[in-house]
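To keep things clear, I will list the structure first and then write my remarks on it.
Residue numbers (this note's numbering): 57 to 239.
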């Protein structure tokens, strides 16, 4: 009888150890008409208050980026996550601005190698732990000129990006910085 109990415990333990651990994530999107802003939250990783009214569009399940568009057809994407969920930092050894630099190198290198694009750092802030950068070039005959902000606060990562030719570079950069700093 005792051996059966041990065997059952070992089998149960085996099944439990084979299941993948999942984290509960709560999503919220709300347009506050009184303040004319869209509030987006991915709990427990981050939130953003976006000026104006924005509608959700595509979601990339690999990068966890949620895309949005406003009435002027400006497109942005937002992703939040843990700093230990990246293949280059699974052990959590890179923190703060060191993490942000490694994230920039890792992601921009992929875009350069995969799509033959050019990268440029536009702004970096080691006190507030963010880098604003740009990727440019042509991919499949289409011009690419996207601006990103990678930042980290309290071990949570923000990946913010804007895709438009309707705004100049200064306006794109300011928009992303304000979005990150006003969280």
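For every residue, glycine included, the Cβ atom is placed at its ideal position computed from N, Cα and C.
Residue i, enclosing alpha helix (DSSP H) - first and last residue
| i | result |
| --- | --- |
| residue 181 | No alpha helix (DSSP H) contains residue 181, which is instead part of the beta strand (DSSP E) from 174 to 181. |
Collapsed DSSP secondary structure at residue i in the structure displayed
| i | result |
| --- | --- |
| residue 152 | helix |
| residue 223 | coil |
| residue 146 | coil |
| residue 77 | Because the pLDDT of residue 77 is 42, which lies under 50, any placement of that residue in the model is unreliable, and the number read from its coordinates should be weighed accordingly. Three-state DSSP puts residue 77 in coil, outside helix and strand. |
| residue 129 | coil |
| residue 95 | strand |
| residue 140 | coil |
| residue 119 | coil |
| residue 228 | helix |
Endpoints, the beta strand (DSSP E) within which residue i is located
| i | result |
| --- | --- |
| residue 112 | 110 to 116 |
| residue 84 | 82 to 88 |
| residue 107 | 102 to 107 |
Anticipated Cβ contact below 8 Å, residue i with residue j, distance rounded
| i | j | result |
| --- | --- | --- |
| residue 22 | residue 220 | This structure cannot speak to residue 22, because the chain is shown only from 57 to 239. |
| residue 213 | residue 137 | 5 Å |
| residue 218 | residue 132 | 5 Å |
| residue 174 | residue 193 | 5 Å |
| residue 104 | residue 235 | 6 Å |
| residue 111 | residue 124 | 6 Å |
Uninterrupted beta strand (DSSP E) stretches inside the stretch 178 to 217 (no shorter than 3 residues): Taking only runs of at least 3 residues, the beta strand (DSSP E) segments lying wholly in the stretch 178 to 217 are 186 to 195, 198 to 209.
Using 8 Å as the cut-off, can you tell me whether the stretch 141 to 159 makes contact with the stretch 176 to 186, which would need three or more C-beta pairs spanning the two stretches below that distance? yes
How do the stretch 195 to 202 and the stretch 121 to 130 stand: do at least 3 beta-carbon pairs fall below 8 Å, yes or no? no
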